[in-house]
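J.:
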Amino acid sequence: MRVFQMMMVALLLSAIGACTNANDDVIPSDSSVVINNNGTWRVSYYFDKDKDETSGFAGYQFIFRDNGVLDASHNGATTSGTWKVVQDDGRQKLVLNTGTTVKPLVDLTDDWVVIEQNSSRIRLQDDNNEHLEELNFEAI
9 MRVFQMMMVA
19 LLLSAIGACT
29 NANDDVIPSD
39 SSVVINNNGT
49 WRVSYYFDKD
59 KDETSGFAGY
69 QFIFRDNGVL
79 DASHNGATTS
89 GTWKVVQDDG
99 RQKLVLNTGT
109 TVKPLVDLTD
119 DWVVIEQNSS
129 RIRLQDDNNE
139 HLEELNFEAI
């Protein structure tokens, strides 16, 4: 009986010791803090690898829908992808997937750190340390 009790105590202690308090999980965040879903947005600035590539997004309009769908429209054609806001390593991120492998939209597919946001502007930056990548949206 004594051996059984000791084994149970040892098992309980090892189970408790296996628990961690690490918080490295990606946690969904309040999307309304970042995105005003009641409007249309445009890319006002896109900088990638030492080059301003904003002109590639001329004429594109973006709608962030409540259900997590991202619509990108250009010249009457619409491409649908996804978006969500998460907390990752204590930083709020806007995760975009444009639903295409075609440039320039594929360049926006990434997890972007939210630098600044308000009802008319969203400033984002990639967390890639190898090169600077910035993306700004403005409400239309």
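Start counting at 1 in the sequence shown, then tack on 8, and there's your number in my numbering. Glycine included, C-beta positions come from ideal geometry on N, C-alpha and C. None of the values given here were measured: they were computed from a predicted structure.
1. Check whether the Cβ atoms of T90 and V110 sit closer than 9 Å, and answer yes or no.
2. Note the first and the last residue of the continuous beta strand (DSSP E) segment covering S52.
3. Taking G64 as the reference, which of D79, T117, S88, V51 has the closest Cα?
4. So L140 and W120 are supposed to be a Cβ contact under 8 Å. How far apart are they, rounded?
5. Under DSSP, the beta strand (DSSP E) around S81 begins and ends at which residues?
6. So F72 and A80 are supposed to be a Cβ contact under 8 Å. How far apart are they, rounded?
7. Identify whether G67 lies in helix, strand or coil by the three-state DSSP scheme.
8. So, for H82: in the same chain, excluding its five sequence neighbours on each side, which residues have a beta-carbon less than 6 Å away from its beta-carbon?
9. Quick one: Cα of D33 to Cα of I43, how far?
10. Between the alpha carbons of V93 and K101, how many angstroms are there, rounded?
11. With H, G and I counted as helix, E and B as strand and the rest as coil, what does DSSP make of V114?
12. Could you check the C-alpha separation between N29 and G98 for me, to the nearest Å?
13. To which residues of the same chain is F145 closer than 8 Å at the C-beta, ignoring the five residues directly before and after it?
T.: According to the data block:
1. no
2. 49-56
3. V51
4. In fact, because the Cβ distance is near 13 Å, the residues do not count as touching under 8 Å.
5. Element bounds for S81: 77-82.
6. F72 to A80, Cβ: 10 Å. No contact.
7. coil
8. Around H82: G67, Y68.
9. Since pLDDT at D33 reaches only 48, below the 50 mark, its modelled position is unreliable, and the value read off the structure follows with that caveat. D33 and I43: Cα-Cα distance of roughly 22 Å.
10. Cα to Cα, V93 sits roughly 6 Å from K101.
11. helix
12. Confidence at N29 is low in this model, with a pLDDT of 44, below 50, so the placement of that residue should be treated as unreliable; the coordinate-derived value is given next. When rounded, the distance between both Cα atoms is 15 Å.
13. Scanning its chain for C-beta atoms nearer than 8 Å, with the 5 sequence neighbours on each side dropped, one finds around F145 the residues W49, R50, V51, S52, F70, R129, I130, L132, in chain order.
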